[in-house]
Structure formats: structure tokens, C-alpha cells
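Chains as they are written, first to last, in this note's numbering: chain A, 9 to 79; chain B, 12 to 739. Every residue, glycine too, gets a C-beta built ideally from N, C-alpha and C.
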Amino acid sequence: MDAIAASFLGMTTIKVGRPNVPGTFVGALIIGVINNGLVIMGVSYFFQYIAKGAIIILAVSMTSFRSSESF
Amino acid sequence: MKVVEMISVRKEFPGVVALDNINFSLEEGEIHGLVGENGAGKSTLINILAGVFQQTSGELRLFGKPVKLSSPSDALHRGIGVVYQDTVLDPFFTAEENIWLGREPSRLSVLKGREIRSDTKRLCDKYGIVVPLGIPVGTLSVAKQKMVEILRALSMNSKVLVLDEPTASITQSDTDNLFEILKNLKKSGISIIFVSHHLDEVFNLCDRISVLRNGCYEGTFASSELSTRDLIKLMTNRDLVDQYPKRASEIGEEILKVSNLNVARFGLKDISFEVKRGEIVGFFGMVGSGRTELMKSIFGAHEIDSGEITINNEKIRIKGPSKAMRAGVYLCPEDRRREGVVQDMSVIDNLTSPFLGTLTRLGVINSRESRARAGKVSSELKIKAPSLKTIISHLSGGNQQKVVLGKWLLGPESRVFIFDEPTQGIDVGAKSEFYRIMQEIAKKGCGVLFVSSDIRELLGIADRIYVMRLGRITAEFKRGEYDQHSILENALSDSLAARSEKMNKIGLLFQKYGTILALIGIVVFFSIMTETFLTSRNLINILSHISMLTIIATGMTVCMIPGDFDMSIASVASLSGVIVTSLILKGLGVFGSILITVGMGALFGVIAGILITRLKISAFIATLALGTIATGINFMFTRGQEVYGIFPDSFLAIAQKRVLGIPVQVFIMAVVIVVFTFAMEKTKMGKWMYSIGGSVKASFLSGINVRLLRVVGNDNLRRPSRPSPAVF
Chain A
9 MDAIAASFLG MTTIKVGRPN VPGTFVGALI IGVINNGLVI MGVSYFFQYI AKGAIIILAV
69 SMTSFRSSES F
Chain B
12 MKVVEMISVR KEFPGVVALD NINFSLEEGE IHGLVGENGA GKSTLINILA GVFQQTSGEL
72 RLFGKPVKLS SPSDALHRGI GVVYQDTVLD PFFTAEENIW LGREPSRLSV LKGREIRSDT
132 KRLCDKYGIV VPLGIPVGTL SVAKQKMVEI LRALSMNSKV LVLDEPTASI TQSDTDNLFE
192 ILKNLKKSGI SIIFVSHHLD EVFNLCDRIS VLRNGCYEGT FASSELSTRD LIKLMTNRDL
252 VDQYPKRASE IGEEILKVSN LNVARFGLKD ISFEVKRGEI VGFFGMVGSG RTELMKSIFG
312 AHEIDSGEIT INNEKIRIKG PSKAMRAGVY LCPEDRRREG VVQDMSVIDN LTSPFLGTLT
372 RLGVINSRES RARAGKVSSE LKIKAPSLKT IISHLSGGNQ QKVVLGKWLL GPESRVFIFD
432 EPTQGIDVGA KSEFYRIMQE IAKKGCGVLF VSSDIRELLG IADRIYVMRL GRITAEFKRG
492 EYDQHSILEN ALSDSLAARS EKMNKIGLLF QKYGTILALI GIVVFFSIMT ETFLTSRNLI
552 NILSHISMLT IIATGMTVCM IPGDFDMSIA SVASLSGVIV TSLILKGLGV FGSILITVGM
612 GALFGVIAGI LITRLKISAF IATLALGTIA TGINFMFTRG QEVYGIFPDS FLAIAQKRVL
672 GIPVQVFIMA VVIVVFTFAM EKTKMGKWMY SIGGSVKASF LSGINVRLLR VVGNDNLRRP
732 SRPSPAVF
């Protein structure tokens with residue numbers, strides 16, 4: 009699931025709106041950093057899922073909101 | 012010499028004869044006009060020339076030799092360049108990328124960027140056409156996009172250039188510019204077929220004119236020996252005395268009043284106007300003057316910042332089109348193909364869709380009632396369709412436009428109709444019919460807003476004309492004081508697009524790097540919250556953790572580029588892990604095991620590709636099923652238990668060893684990122700995959716093997732996953 013999330017997060021950057029490899033790396037970094045940071049902070053693992061999901065929704069909706077203006 | 016010759020060409024579609032007994036010929040170095048009403052068969056004829064369709068019978072000769080064109084790329088290679096009515100460019104690609112799409116200069120599939128640019132410059136110089144290079148064509152004006160398409164059509168040293176309605180959505184000055192270019196092309200020996208509904212353009216530009224009517228060939232005439240009236244008669248088989256019908260409609264009280272409307276996003280400023288019952292109010296302005304945005308704002312499709320809209324003396328806050336519809340305000344949008352109708356639904360479904368609620372009882376559609384009402388509207392508007400069940404995309408532009416209007420006529424109470432470029436790309440006969448329909452609507456006591464960039468039709472039927480420029484209303488003219496020159500003067504200026512482009516730049520930048528900013532934000536957050544986060548050890552730890560994720564996600568991305576999707580990714584990845592470890596434990600060499608695993612991944616990819624392209628199973632389902640199969644095989648190998656044993660050092664190295672303190676996995680990830688970025692951005696294959704994702708049609712017309720590339724997309728995906736630490 010994280011792989012899919014990373015790909016979609018990648019679509020929000022570099023080449024906006026299109027899947028792209030460098031963007032996917034950024035997406036993977038975000039997911040990796042969130043996982044790692046939350047573990048270090050000692051947040052329980054089920055909350056990590058919730059946080060990750062929320063952040064993905066936030067990031068992807070930011071770009072789709074902007075592009076919907078132009079229709 | 013006859014460059015193109017069609018002899019008794021006939022084209023049948025299931026149930027329809029689109030063309031019959033066509034005898035058409037194109038001489039070298041002439042501009043040949045092709046005219047006819049909607050549905051007369053012009054597009055079919057062009058599509059035969061373009062290799063999209065093959066004629067059912069009859070002969071097509073190019074340069075004297077009989078040929079059968081098998082595909083668009085075949086036609087292009089034989090020297091026929093076609094510019095279609097709808098822009099078929101990839102908006103994300105630059106002009107040069109679009110021009111050479113499908114036959115980019117390259118070595119070993121790696122694109123030669125410099126050569127592409129210099130080739131484009133040479134092409135531009137050769138034909139004297141100027142287009143901005145290096146920026147996505149989506150940001151160019153429609154006229155410039157047409158130029159890009161013309162360049163693409165000419166890029167194979169074409170001898171024949173076919174233009175389908177090139178002037179339909181560009182301004183007068185752009186049209187003049189285009190004609191200048193076409194005349195130059197003619198001088199350099201290129202033969203041109205020019206399709207247009209603007210008869211004065213056809214007379215102005217063409218040496219000879221061929222007429223089609225109802226799929227039949229009506230003859231070819233020198234344009235000097237034909238009058239407009241003769242031509243209309245040939246096209247419609249009836250005498251059209253006055254294109255703009257006169258009328259006497261009573262103008263009543265005010266029905267729509269807009270005061271001080273502002274929409275900053277589109278540069279709309281301080282817009283005030285009113286429309287009375289029975290009145291047709293014209294809106295004239297260049298593309299980019301904000302007229303379409305204004306109309307959409309009134310219809311509630313765009314949110315307004317401030318201002319008042321009063322309908323029938325009642326102040327209304329229009330939030331969304333459904334509110335506008337309830338207030339009796341209806342919009343026939345400019346882009347009817349995409350916004351006006353649902354292309355793959357039938358006539359009746361399109362007609363009844365907005366007010367379906369009035370045709371249902373307890374949520375069930377009363378089909379007899381809806382058939383009756385749709386049938387009534389369809390016969391009132393004289394919609395020409397074999398039946399109400401006909402899929403709308405099979406209808407001609409004019410008939411589609413009638414359906415767009417017809418769906419509003421089914422509404423309970425109508426007050427204001429907004430027509431945005433309703434006659435764009437429809438023929439003379441249908442146009443004049445449409446004017447009559449608009450007048451009838453006004454006569455019923457509705458207000459009509461009529462947006463057009465064709466000043467003649469506004470002069471012809473509007474009672475009043477507002478002129479727009481740069482998002483403002485700059486002038487108002489009443490019938491009787493019409494003056495074409497001052498109307499034009501008030502409309503002309505630099506387009507709004509240039510300004511809003513600048514405004515958008517900051518937004519675009521934010522959009523582009525917003526996610527990276529978010530990443531930095533998260534990193535800062537964790538650095539402040541915890542002490543250990545920002546240590547080099549932890550950062551390396553993160554990198555090694557995400558290395559496998561990145562590799563799999565890269566595969567996913569490659570798969571998503573041509574617009575597919577892979578559900579099996581996780582299952583195949585874990586199967587790869589199991590297989591590679593099992594093989595090694597069975598004593599196979601590390602290298603061999605990895606190779607076999609890669610092969611296994613590729614096999615899954617090829618199977619998925621074949622299922623998707625040959626059997627036309629949706630990528631979603633195909634990969635979901637394959638994923639399930641992979642999971643099954645996985646269990647077969649492991650019997651639900653972990654694979655364990657003693658691995659050779661060389662294999663463990665991949666997972667555990669560090670170089671310069673950084674795990675080998677991270678290096679593998681870096682290599683994967685670099686290789687795939689390169690493959691997607693710098694090679695032909697990558698460009699083509701992107702272009703398929705952008706528009707399957709555009710790519711097909713560029714002669715790209717869509718199928719093959721989708722297979723490749725799925726194939727590439729299967730990177731063998733490195734054994735995850737969990738396996739150890």
C-alpha cells in the first residue's frame with residue numbers, strides 16, 4: 009500500500025499531475041520519514057497508520073484542489 | 012498533376028452510408044476548399060485520407076498510384092499531414108516534443124534533445140511559422156497550438172496538408188496570419204485541403220471548392236465562378252435568402268441583472284449588465300476576454316468573489332449550477348463536446364439527465380414519460396438522429412448542440428438561456444436554424460445571452476451587444492447604433508491570458524514544490540520534537556528502510572505513466588522475496604537466483620500486459636487476479652512458514668553490508684531512481700508512455716504502438732524485490 013501511496017504522492021510534485029520517478033522518491037521519503045519519526049516519538053503503531061493516511065489525503069488533495077479551478 | 016484522387020469512394024459504417032460515390036481530386040499546389048453541412052461526410056473523407064478509416068469500396072490514388080492507407084502513420088509517411096479540428100496535442104509536452112512525437116531523433120532510444128530543438132527551428136524557418144519552444148503547449152493560445160499541429164503535419168516533408176476547421180476557435184487576426192502562412196505553403200508547392208464553415212474564408216483563400224451533401228459529392232468549382240448563394244444552395248439544396256432571420260419579439264421587463272460582479276481569479280472586474288425578457292443580448296470579446304468565465308460564473312460553475320445576481324427581481328446567491336438551474340438559468344457551454352454532452356451516452360439519456368428528478372417516481376425512471384418528452388423536444392428542435400437511443404458522439408456537431416439546448420428545454424421553468432459560442436464549428440444551414448431557435452426562446456419571454464467571437468452573427472441577431480476586454484465590459488451598443496469598427500476596437504487588446512499567466516507562476520511554483528516543502532516541514536517537526544531524529548545514523552536508517560519501498564513504487568509509477576494501475580504489486584514483490592531466498596537456499600548461485608526471480612517478475616508483467624491489451628481486461632482487474640495468483644504461489648512455496656537458512660555472504664551483502672557507512676540497498680535504490688528517471692524522461696519509450704497517459708487518441712494519431720507500450724509499462728514494473736530484513 010505504501011508503494012501506491014508513494015506513487016500518488018509523487019504525482020503532486022516535480023511534474024505535477026503526472027506520475028514521475030523523482031516525485032515518487034519524494035513520496036517514499038515522506039512516508040519513510042513519517043514512519044521513522046512517529047516511532048522515535050513513541051507514538052503507538054495504530055496511530056501511525058492514521059497519521060500516514062491523513063497526511064497522504066492532505067498532500068494529494070492540495071494539488072487536486074488547485075487543478076480543479078481551471079475547468 | 013493530381014496529388015490526391017478519390018474515385019467512386021464509398022464508406023459504410025454499421026447502418027450508415029457516410030460517403031457514397033466520391034470523386035475528389037487535389038491538384039498540385041492548390042488550396043482546395045471542402046464544404047458541406049454537418050454530417051455531409053467531410054470528416055469521414057478526411058479520416059480516409061488520414062488513414063484513420065479505410066474506404067469500403069472505390070479507389071484512392073496518391074501521386075497517381077492507387078494506395079490503401081492502413082494507419083495515420085502510414086498516411087503521414089506517404090506525405091499526407093492532417094490537422095484535426097480538435098487539438099490532438101499533449102498539453103504537458105513542449106512544441107518540439109509534440110511535433111516529433113513518435114519519430115524523435117534518437118540514438119539507441121535515447122532522445123537527442125539538442126537535435127530535436129534544432130530540427131524544430133529548421134522546420135519553423137523553412138515554413139516561416141513561429142511558435143514558442145520549450146514550454147508546455149497547454150499554456151499556448153489555441154492559435155499557437157494550431158501552428159504546432161501544422162508544423163507536425165509538415166514535419167515529414169508532407170506534400171499534402173489537410174486542415175479541418177482550423178479557424179473554428181481562433182480570432183480574426185490569428186486567422187489572417189494563418190491564411191498568410193497557408194498562401195506561402197502553397198507557393199512552396201504544398202497542396203492544401205481546407206475545411207471550413209466560414210464560406211467567406213473559403214472564397215477568400217481557396218482556388219477550387221468541392222461540395223459534399225449528405226455523403227454525396229456535389230461537384231468541384233473554381234471559386235471565381237461561384238457566388239456565396241450558389242454555394243449555400245449546393246450545400247443545403249435549398250435557397251437561403253437571409254441567414255439572419257428577422258423577427259419582432261416583444262421586449263419586456265428585466266429578467267436578469269448582474270451588478271458589480273467580481274471574480275479575481277479570472278480577472279473579472281466590476282461587471283454590471285441586465286437582460287430583459289424577450290431580448291437577445293450579445294457578448295463580444297476575444298478569446299481570453301473573460302466572457303466564458305463570466306457566463307460560467309453566472310451559471311454558478313465558478314464561485315464569485317462579490318457582486319449581485321438578480322433573477323426575476325429576486326436576489327439570488329447562485330452557488331453551483333444546480334442552484335442556477337432551479338432559478339431557471341441554463342448554460343450551453345462553449346466546449347460542447349466535453350462540457351455540453353456526455354459523449355458515450357444516448358440522445359435520450361443526455362436530454363433527460365438534468366431534470367431526471369422530474370421523470371422519476373420513488374427513484375425509478377418513468378421511461379415512457381421520458382421517451383415522450385425527449386421525443387417532443389427532439390422533434391421540435393429537429394434533431395437528426397437515427398433514434399433517441401443513438402450514442403451522441405455519432406451525431407454531427409450541430410445536432411449535438413441541439414441536444415445541449417434540448418436538455419434545458421425539458422426544465423420546468425426557464426428564464427435565462429446562456430449560449431456560449433453555440434454556432435462554433437457548425438454549418439451555415441444549421442447556424443441559421445440555431446438563430447431561429449434562439450429567437451423562439453426569446454419570444455417565449457426568456458432572456459438570451461449570446462456569446463460569440465463572430466461579430467457578424469451578433470450584428471445579425473442580437474438586440475444589444477456588450478463588448479468585453481480583459482475581464483471588463485468596455486462598451487454597450489444598442490441595435491441601430493451598431494458599428495462594426497468601434498465594436499472591434501473596444502474588444503481588441505492583449506489577451507487576459509498573458510496577465511493571468513504571470514499570476515499563476517507563483518501558484519505553479521508552489522504547486523510544484525509544495526510537497527517537497529511539506530517534506531521539509533515534517534523533517535523540521537521531527538527534528539524539534541525528538542533528539543535522535545536528526546542524526547546521520549537515523550537518516551541513513553530511513554533511507555535504507557525506504558529503499559525497497561522506493562524500488563517497488565518506481566515500478567508502480569512506471570506502470571501509472573501510461574495510465575494503468577497495478578494491484579498485484581505487493582503480492583508479486585513478496586513472492587519475489589520468497590522465490591529468491593528459496594532458490595539460494597536450494598544451492599543456486601546468488602546471481603542466477605536473482606536472474607530467475609527477475610524473469611519471474613517479468614513473466615507476471617508480460618502476462619498482465621497481454622491480458623490488458625489483447626483481451627482488453629481492465630488493468631485493475633487483471634492485476635488484482637494475478638496478485639491473488641501470486642499470493643497463492645507464495646503460500647505453495649512457504650507453506651505459510653518463514654523461509655530461513657544460511658545464506659551465502661554475497662547475498663547477505665545486499666541487505667546488510669555498508670559502503671562508506673551506507674547500506675548497499677540505498678545504492679541500489681539510487682541506481683533504480685536514476686535509471687528509471689532517465690528511461691522515462693530521456694528515451695523515446697518514456698516519452699511515448701507519457702503521451703499515452705496524456706491522450707490515447709493523440710498518441711494513436713502520432714503512430715505510436717499503444718498496445719506494445721502498455722505491455723512494456725506492465726513489464727517494467729516487476730523489479731525483483733530485494734529480500735526484506737523480515738526474511739532474515
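How about Ser710(B): is its C-beta nearer than 9 Å to some C-beta of chain A?
-> At Ser710(B), the pLDDT of 43 sits below 50, so the modelled position is not reliable and the matter cannot be decided from this model.
DSSP three-state assignment for Ser283(B), whether helix, strand or coil = In the structure shown, Ser283(B) adopts extended strand secondary structure according to DSSP, grouped into three states.
Mind checking Ser52(A): buried by the 16 CB within 10 Å criterion, or exposed?
-> Classification of Ser52(A): exposed, given that the 10 Å Cβ count is below 16.
Which ranges would you report for the beta strand (DSSP E) in the region 169–205 of chain B if only whole runs of at least 3 residues count?
-> Qualifying beta strand (DSSP E) stretches, in chain order: 171–175.
Simplified DSSP state of Met17(B), which is helix, strand or coil = In the structure shown, Met17(B) sits in a strand (DSSP, three-state: E or B).
Spell out a yes or no on whether the region 19–27 of chain B and the region 206–217 of chain B are touching, meaning 3 or more CB-CB pairs, one atom from each, closer than 8 Å.
-> Using a Cβ-Cβ distance cut-off of 8 Å, the region 19–27 of chain B and the region 206–217 of chain B are not in contact, since fewer than three pairs of beta carbons, one from each stretch, lie closer than that value.
Using the Cα positions of Gly351(B) and Met17(B), report the straight-line distance between them to the nearest angstrom.
-> When rounded, the distance between both Cα atoms is 35 Å.
Could you tell me whether the Cβ of Ile329(B) comes closer than 9 Å to any Cβ of chain A?
-> Not an interface residue.
In terms of alpha-carbon separation, which member of Arg372(B), Ser357(B), Val427(B) and Ser425(B) lies closest to Ile394(B)?
-> The residue with the shortest Cα to Cα distance from Ile394(B) is Ser357(B).
Mark Gln676(B) as exposed unless 16 or more other C-beta atoms lie within 10 angstroms of its C-beta, in which case mark it buried.
-> Buried, by the Cβ-count rule.
Ends of the alpha helix (DSSP H) at Glu345(B)?
-> Glu345(B): not part of any alpha helix (DSSP H); DSSP gives it neither H nor E.
Measure the alpha-carbon distance for Asn225(B) versus His405(B) and round it to whole angstroms.
-> A straight-line Cα-Cα distance of about 15 Å links Asn225(B) and His405(B).
Which residue from Asn324(B), Pro332(B), Ile220(B) and Gly471(B) puts its Cα closest to that of His313(B)?
-> Considering only alpha carbons, the answer is Pro332(B).
Taking the C-alpha atoms as reference points, what is the distance between Arg721(B) and Val589(B)?
-> Any reading at Arg721(B) is ruled out, since the residue's pLDDT is 44, under 50, leaving its predicted position unreliable.
Amino acids of chain A, ordered along the chain, whose beta-carbon sits closer than 7 Å to that of Thr639(B) = Correct list: empty, because the minimum Cβ distance to chain A is about 16 Å.
Roughly how many angstroms separate the alpha carbons of Leu45(B) and Pro177(B), rounded to a whole number?
-> For the pair Leu45(B) and Pro177(B), the Cα-to-Cα distance works out to about 12 Å.
Please list the partners that Ala67(A) has in chain B, where partner means a Cβ-to-Cβ separation under 7 Å.
-> Listed along chain B, the residues sitting closer than 7 Å to Ala67(A) by beta-carbon distance are Thr526 and Ala529.
In chain A, what lies closer than 9 Å to Ile580(B) by C-beta?
-> Result: Ala11 and Ile12.
Applying the criterion that 16 or more other CB atoms from any shown protein chain within 10 Å of the CB defines a buried residue, is Lys79(B) buried or exposed?
-> So Lys79(B) ends up on the exposed side.
Would a C-beta distance cut-off of 9 Å place Asn34(B) and Arg21(B) closer than the cut-off?
-> No. Outside cutoff.
Does the separation of the CB atoms of Gln495(B) and Ile466(B) fall below 9 Å?
-> Contact: yes.
Are the C-beta of Glu261(B) and some C-beta of chain D separated by less than 9 Å?
-> Absence of chain D from the displayed structure is noted, the protein chains being A and B.
Across which residues does DSSP place Tyr477(B) in a beta bridge pair?
-> Note: Tyr477(B) sits in a beta bridge opposite Phe294(B) and Glu487(B).
Determine, using beta carbons only, whether Ala584(B) comes closer than 9 Å to chain A.
-> Yes, because at least one Cβ of chain A sits closer than 9 Å to the Cβ of Ala584(B).
Integer Cβ distance of Gly142(B) from Ala106(B), believed to fall under 8 Å = In the sequence as presented, Gly is not what sits at residue 142(B); that position holds Val. That belief holds up - the Cβ atoms of Val142(B) and Ala106(B) are roughly 5 Å apart, short of 8 Å.
Contiguous alpha helix (DSSP H) assignments of at least 4 residues, all confined to the region 318–402 of chain B | If only uninterrupted alpha helix (DSSP H) runs of at least 4 residues are considered, those enclosed by the region 318–402 of chain B are 332–337, 358–363 and 378–391.
Coarse secondary structure for Arg114(B), derived from DSSP in three states | Arg114(B) falls in the coil class under three-state DSSP.
Can you find a C-beta in chain B that's less than 9 Å from the C-beta of Ile58(A)?
-> By this cut-off, Ile58(A) is not an interface position.
Test item: CB-CB of Ile204(B) and Leu174(B) under 9 Å = Yes; because the gap between Cβ atoms is below 9 Å, this pair is in contact.
Do you know how far the Cα of Ile63(A) is from the Cα of Val41(A)?
-> Each residue's alpha carbon lies about 12 Å from the other.
So what does DSSP say about Ser555(B), is it helix, strand or coil?
-> Annotated three-state conformation of Ser555(B) is helix, per DSSP.
Could you run through the region 30–47 of chain A and flag, in chain order, every residue whose CB is less than 8 Å away from some CB of chain B?
-> Correct list: Pro30, Gly31, Thr32, Phe33, Val34, Gly35, Ala36, Leu37, Ile38, Ile39, Gly40, Val41, Ile42, Asn43, Asn44 and Gly45.
Helix, strand or coil at Ser407(B) according to DSSP, with G and I counted as helix | DSSP places Ser407(B) in coil when its eight states are reduced to three.
Spell out a yes or no on whether the region 190–206 of chain B and the region 131–141 of chain B are touching, meaning 3 or more CB-CB pairs, one atom from each, closer than 8 Å.
-> Result yes; three or more Cβ-Cβ pairs closer than 8 Å.
Compare the C-beta of Ala106(B) against all C-beta atoms of chain A and say whether one is closer than 9 Å.
-> Among the residues facing chain A, Ala106(B) is not included, as its CB has no counterpart in that chain under 9 Å away.
Listed in chain order, which residues of the region 564–576 of chain B have Cβ atoms closer than 7 Å to some Cβ of chain A?
-> If the cut-off is 7 Å between Cβ atoms, the region 564–576 of chain B has Ala564, Thr565, Met567, Thr568, Met571 and Ile572 near chain A.
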